[in-house]
Ligand code: K1U
Ligand code: ZN
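Residue numbers (the working numbering): 26 to 195.
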């Protein structure tokens with residue numbers, strides 16, 4: 026089922042999410058809904074708080090012009106970051122049509138639990154590294170605009186407030 030994506034500003038996008046204790050049928054369904062919502066948007070990642078679910082689960086697929094590689098990560102954590110930074114012009118499904126350069130570690134090693142309850146570790150590079158850090162930030166209540174200066178952040182927030190007012194009017 027495709028879920029509605031929350032638009033910034035929304036208090037649920039600013040709150041840290043709760044860890045997942047165990048895999049359940051309900052969680053497996055949530056992961057499937059998140060992947061469907063991400064592909065429909067379309068996007069390359071999605072974090073549970075973006076659909077109003079305050080739990081530590083993200084989905085990603087950063088393959089371009091290649092067979093899909095959907096990933097589901099429960100309780101993801103960065104356990105190593107390289108010192109080199111890379112800049113990418115990021116977007117966010119909760120901040121539609123707004124893009125800005127963000128600098129992040131170019132490679133990160135991430136540990137997570139998969140849907141079988143197994144612990145996994147993998148190094149992410151390139152767009153995958155940018156995306157996994159962006160999604161983990163969502164689980165901690167942080168948005169890519171929080172890396173920008175206050176004026177740019179405020180300008181984007183005002184645009185989103187206007188967009189939400191227009192959407193509410195119909
Ligand atoms: O978390 C999100 O809001 C999803 C976001 C992920 C992301 C994008 C860029 C850099 C870091 C993280 C998106 O998917 S925005 C849409 C997007 O980037 C895209 C959409 C269609 C094709 C290719 C990319
Ligand atoms: Zn986002």
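The C-beta atom is built at its ideal place from N, Cα and C for all residues, glycine as well.
Inset, instruction - With a threshold of 7 angstroms, establish whether the CB of residue 117 neighbours any heavy atom of ligand 4. - result: This structure does not include ligand 4; its bound ligands are ligand 1 and ligand 2.
Inset, instruction - State the Cα-Cα distance for the pair residue 128 and residue 110, rounded to the nearest angstrom. - result: What you label residue 128 is simply residue 103 of the chain shown in a count that begins at 1. What you label residue 110 is simply residue 85 of the chain shown in a count that begins at 1. Rounded to whole angstroms, residue 128 to residue 110 spans 6 angstroms at the Cα level.
Inset, instruction - Confirm the yes/no value for this check: CB of residue 1, any heavy atom of ligand 1, distance under 7 angstroms. - result: Nothing can be reported for residue 1, as the shown portion of the chain is limited to 26 through 195.
Legend entry - 8 angstroms Cβ cutoff, residue 177 in contact with chain D: Although the question refers to chain D, the structure presented lacks it and comprises just one protein chain.
Inset, instruction - Provide the residue span of the beta strand (DSSP E) that contains residue 125, from first to last. - result: As a working note, residue 125 is residue 100 in the chain shown. From DSSP, the beta strand (DSSP E) with residue 125 extends over 120–130.
Inset, instruction - Taking only the alpha-carbon atoms, compute the straight-line gap between residue 102 and residue 38 and give it to the nearest angstrom. - result: Counting from 1 along the chain shown, the entry for residue 102 is found at position 77. Counting from 1 along the chain shown, the entry for residue 38 is found at position 13. Distance between the alpha carbons of residue 102 and residue 38 is about 18 angstroms.
Inset, instruction - Could you say if the region 92–106 and the region 138–148 meet the contact criterion of at least three C-beta pairs nearer than 8 angstroms? - result: yes
Legend entry - residue 141 versus residue 63: straight-line alpha-carbon distance, rounded: Taking the chain shown and counting its residues from 1, one reaches residue 141 at position 116. Taking the chain shown and counting its residues from 1, one reaches residue 63 at position 38. Each residue's alpha carbon lies about 21 angstroms from the other.
Legend entry - Beta-carbon spacing of residue 168, residue 30 below 8 angstroms: In the chain shown, counting from the first residue as 1, residue 168 sits at position 143. In the chain shown, counting from the first residue as 1, residue 30 sits at position 5. The Cβ atoms of residue 168 and residue 30 do not sit closer than 8 angstroms to each other.
Inset, instruction - Give me the Cα-Cα distance between residue 56 and residue 85, rounded to the nearest whole angstrom. - result: Within the chain shown, the letter at position 31 stands for residue 56. Within the chain shown, the letter at position 60 stands for residue 85. Rounded to whole angstroms, residue 56 to residue 85 spans 11 angstroms at the Cα level.
Inset, instruction - Name the one or two DSSP bridge partners that residue 111 has. - result: As a first step, residue 111 must be located in the chain shown, where it is residue number 86. Partner(s): 129.
Inset, instruction - Evaluate residue 196 with the Cβ neighbour count: other Cβ atoms within 10 Å of its Cβ, from every protein chain shown; 16 or more gives buried, anything less gives exposed. - result: Absent from the structure is residue 196, since the part of the chain shown begins at 26 and ends at 195.
Inset, instruction - State the Cα-Cα distance for the pair residue 164 and residue 79, rounded to the nearest angstrom. - result: Counting from one through the chain shown, the residue named residue 164 turns up at place 139. Counting from one through the chain shown, the residue named residue 79 turns up at place 54. Looking at the backbone, the Cα of residue 164 and that of residue 79 are separated by about 8 angstroms.
Inset, instruction - Could you name the residues of the same chain whose beta carbon sits closer than 6 angstroms to that of residue 26, not counting the 5 residues immediately before and after it, in chain order? - result: Against the chain shown, residue 26 aligns to sequence position 1. Counting only Cβ-Cβ distances below 6 angstroms, and skipping sequence neighbours, we find 58.
Inset, instruction - Flag residue 68 as yes when its Cβ comes closer than 7 angstroms to any non-hydrogen atom of ligand 1, and as no otherwise. - result: Here the question's residue 68 lines up with position 43 in the chain shown. Yes, the beta carbon of residue 68 sits closer than 7 angstroms to at least one heavy atom of ligand 1.
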